[in-house]
Amino acid sequence: MSSTSSTAKRGSRRERDSFSHEEAAKMLGTSPAKLDRICREFDADPNDEWDLIEGEFFEYEPGQARKRRFYEEGVMAIAKYLEETEGGSFLARLKEFFTHHRARVTRALVQRRIIQVTQDRGAVQIRGELLFLDQRSVVRVLGTNGKGMVGTIRRIEAADASLEGAEALQPGLHFDDFPEASGRFWSQVGIVRLARTMQDRGRISKARKAWVKAVADVAEGCFEVQRKELESHEAKVKRAKERARKKEGRCQITLLTPKPSDRNPIELEVHHLFDAASRPDLAALDDNLLVIHSTLHRNFHKWVGNRPCEPKDFVDYLLRNELSHFQGSPSTRVRQEQRQQKLIHRLELLQARYEGNRLLY
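Every letter in the sequence shown is one number past the one before it in my numbering, and letter 112, counting from 1, is 704.
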């Protein structure tokens, strides 16, 4: 196994899930002791062809110099190593049950990565039955880099030019450009094509080939599931907003209530405290919704500008611009101040609970 300097290692960390030594062994259908032995064999040979790089395929547990946590690519690479080195004798010992289990694990690992990259709705475009990802996210799904991506595209184009029978990359099917977004986007069909090309023609280590093979095998089905989830998410957000508006029935700041008899009745809107564009994972969360009248909503967004907003921004806005709504007459002042404190406590708690803590949705 290769390692990196501490500076390089810190720079190579990615925001993705990892598995403990015991979890990885269970996924692989082997014992923790056997997995440890494999890792020690890799460590003993700095020039092994598997090239499992610290920071990319695994990390050491904090404070435990030899205790590893494996990323998805690391688990897949060791599974491939076991198949190649132990062959039929290893596979013969496995029950049919475990064959299905391994297929489920492979699918889950790829699905997990796809869920992670689709958390950023700005990186996703849905057109009909195709889900398109921006190129940065595609690089993450494939576990490569910009140079590897460019090289793979060139190999596909070269195969097409040499009339080897390979299907050419088609705009609208494999990739596309969208007026509302910058850069090129790739569909699940295009991503699978890229993965198969990396597997068959890429100048990459066996460890990377193990990962892209898994992507090529199961990604289309995984993307289809996630596309349906994302489409249903929009409906969930709409239902959550309607539920909040119906439950409150009035502005939670001014306490004004729409009255049909008014010449110009106020219009209630639902504000996302963590804005829906940058935090789609919280867009349908009841605690993240605040019912306010349209003028106040418009004034807040004018005040905060174009940047993504959070609960702490709304607290700042209230304290600077809307405190008059919490004053009241001498007989109600204490109650109004308590209402103000309760609201601010709710918003600060929401900020503390979800700032930097992104949910899968």
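The C-beta atom is built at its ideal place from N, Cα and C for all residues, glycine as well.
Counting C-beta pairs with one atom in each stretch, the segment 843-852 and the segment 696-710 have fewer than three that are closer than 8 Å, which means they do not touch. With a cutoff of 7 Å on beta-carbon distance, residue 881 and residue 836 are scored as near each other. At least 7 Å separates the beta-carbon of residue 930 from that of residue 918. In this structure, the alpha-carbon of residue 903 lies about 14 Å from that of residue 934.
Here residue 779 is bridged, per DSSP, to 724. Here residue 848 is actually not in contact with residue 780; their C-beta atoms are around 48 Å apart, not less than 8 Å. Bounds of any beta strand (DSSP E) do not take in residue 635; it lies within the alpha helix (DSSP H) bounded by 624-636. Residue 814 places its beta carbon 7 Å or farther from that of residue 656. One Cα belongs to residue 770, the other to residue 808, and the distance between them is close to 25 Å.
Following the DSSP letters along the chain, one finds residue 822 inside the alpha helix (DSSP H) bounded by residues 798-840. Around the C-beta of residue 799, 16 or more other C-beta atoms lie within 10 Å, and the residue is accordingly described as buried. Non-local C-beta neighbours of residue 895 in its own chain, meaning closer than 6 Å and more than five positions away in sequence, comprise 909, ordered along the chain.
In this structure, residue 707 and residue 818 form a Cβ contact; the two beta carbons are roughly 6 Å apart against a cut-off of 8 Å. Non-local beta-carbon contacts of residue 668 in its own chain, meaning distances under 6 Å to residues more than five positions away in sequence, involve 802, 803 and 806 in chain order. Its Cα nearest to that of residue 714, the residue 726 stands out among 726, 621, 877 and 632. Annotation: the continuous alpha helix (DSSP H) that includes residue 933 extends over 925-946.
Taking C-alpha positions only, residue 777 is separated from residue 625 by approximately 43 Å. DSSP lists 724 as the bridge partner or partners of residue 717.
With 16 or more neighbouring CB atoms inside 10 Å of its own CB, residue 844 falls in the buried class. Annotation: the continuous beta strand (DSSP E) that includes residue 863 extends over 860-864. Taking a cut-off of 8 Å for Cβ pairs, the segment 609-624 and the segment 632-648 do not touch, as fewer than three such pairs fall below it. Residue 612 is bridged by DSSP to 661. In the three-state DSSP reduction, residue 769 falls in the strand class (E or B). Scanning its chain for C-beta atoms nearer than 6 Å, with the 5 sequence neighbours on each side dropped, one finds around residue 784 the residues 808, 811 and 812, in chain order. A Cβ-Cβ separation of about 28 Å leaves residue 859 out of contact with residue 824 under the 8 Å criterion.
C-alpha of residue 717 to C-alpha of residue 768: approximately 10 Å in a straight line. By the neighbour-count criterion, in which a residue is buried when 16 or more other Cβ atoms sit within 10 angstroms of its Cβ, residue 665 is buried. Between residue 942 and residue 879, the CB-CB gap stays under 7 Å.
Take residue 797, set aside five residues on each side of it, and the residues of its chain with a beta-carbon closer than 6 Å to its own are 643, in chain order. Residue state for residue 749 is assigned as helix, using DSSP reduced to three classes. A straight line joining the alpha-carbon of residue 741 with that of residue 889 spans about 43 Å. Around residue 892, the same chain offers 909 as residues with beta carbons nearer than 6 Å, after the five sequence neighbours per side are excluded.
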